[in-house]
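According to this note's numbering, the sequence shown holds residues 31 to 226 in order.
For glycine and all other residues, C-beta sits at the position ideal for the given N, C-alpha and C.
What you are looking at is a predicted structure, and each value in this text was computed from that prediction instead of being measured.
Here the structure comes first, spelled out in structure tokens, and everything after it is commentary.
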Amino acid sequence: MNAHSNTICDCSLKAIDYGVNSDQAMQTLGDHKLPHFFNYPPYFTLQPVRETREKQIQLWKELILDYCRTQKIFIIGLEEDFPLFSNPAIERSLNHEAREAFLSAIVLDGRAEWMDKSHRQCLILWHRIKDWADLILRFVKENGLEDSVMTIEEIRSGIESRGTDIHGMERTVLVRALKTSGKQRKTCNLQGNFNR
């Protein structure tokens with residue numbers, strides 16, 4: 031790619047951010063509204079200009095975290111068919127390098143962790159572990175469970191947790207949050223194996 035085409039792409043990326051396509055109907059993925067940039071082909075290719083790439087990465091980080099939060103997704107497989115990695119409407123998909131770059135940026139922010147050394151699966155922390163621990167503490171207090179004995183499964187899928195971020199929570203994240211809050215000795219007594 032020559033410098034001229036980089037400039038064109040860079041200008042185009044900036045134009046979309048200023049609402050050029052604001053009159054178009056917003057695309058959705060299930061019940062999740064997608065930002066306008068998701069319909070713009072250059073955003074599916076890592077941009078060569080540093081400033082533009084940083085902006086692109088920031089937009090993708092926000093989209094991935096927001097989508098995972100609203101859809102309660104905790105694990106993204108780099109090689110799996112994750113819905114955000116492609117847009118059939120514009121016939122574009124993120125390549126492996128772009129997927130890894132966007133997820134690695136979330137990892138650097140402390141909002142995700144690679145689950146393996148080969149970076150094939152990423153644990154998404156739309157709340158940081160400490161924030162999950164705080165949510166659990168609030169859940170315990172609001173439901174009067176301070177002196178209760180509960181299993182991990184009861185917390186994840188019990189009646190009390192319905193309608194909260196805790197309901198359906200990835201076991202790994204829940205256990206780590208419980209260990210964090212347990213160090214503060216502020217949660218209820220739990221039964222179950224914390225080593226899994």
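- With three or more CB-CB distances shorter than 8 Å, the region 168-187 counts as touching the region 198-205.
- When Cβ pairs closer than 8 Å are counted between the two stretches, the region 109-128 is seen to touch the region 57-75, the count reaching three or more.
- Apart from sequence neighbours up to five positions away, the residues of its chain that approach Ile166 with a beta-carbon distance below 7 Å are Ile196, Ala207, Leu208, Ser211, Thr217, ordered along the chain.
- Judged by their CB atoms, Phe132 and Ile94 are nearer to each other than the 8 Å cut-off.
- Under DSSP, no beta-bridge partner is assigned to Ser134.
- Here His157 is buried. Its C-beta has 16 or more other C-beta atoms within 10 Å.
- For Ala163, the uninterrupted alpha helix (DSSP H) segment begins and ends at 159-172.
- Rounded to the nearest whole angstrom, the CA to CA distance from Glu81 to Glu127 is 18 Å.
- For Ala119, the secondary structure class from DSSP, reduced to helix, strand or coil, is coil.
- Restricting attention to beta strand (DSSP E) runs no shorter than 3 residues, the region 70-114 encloses them at 105-107, ordered along the chain.
- For the set Lys102, Leu124, Ile120, Tyr97, the Cα lying nearest the Cα of Glu110 is the one of Leu124.
- Straight through space, the alpha carbons of Ser187 and Leu89 are spaced by roughly 32 Å.
- Linking Ile103 to Glu143 through their CA atoms gives a straight-line distance of about 14 Å.
- Counting along the chain, the unbroken beta strand (DSSP E) around Glu143 starts and ends at 142-144.
- In this structure, Ser191 sits near Phe169, with a CB-CB distance shorter than 8 Å.
- As computed with DSSP, Leu59 is found in a beta bridge with His62.
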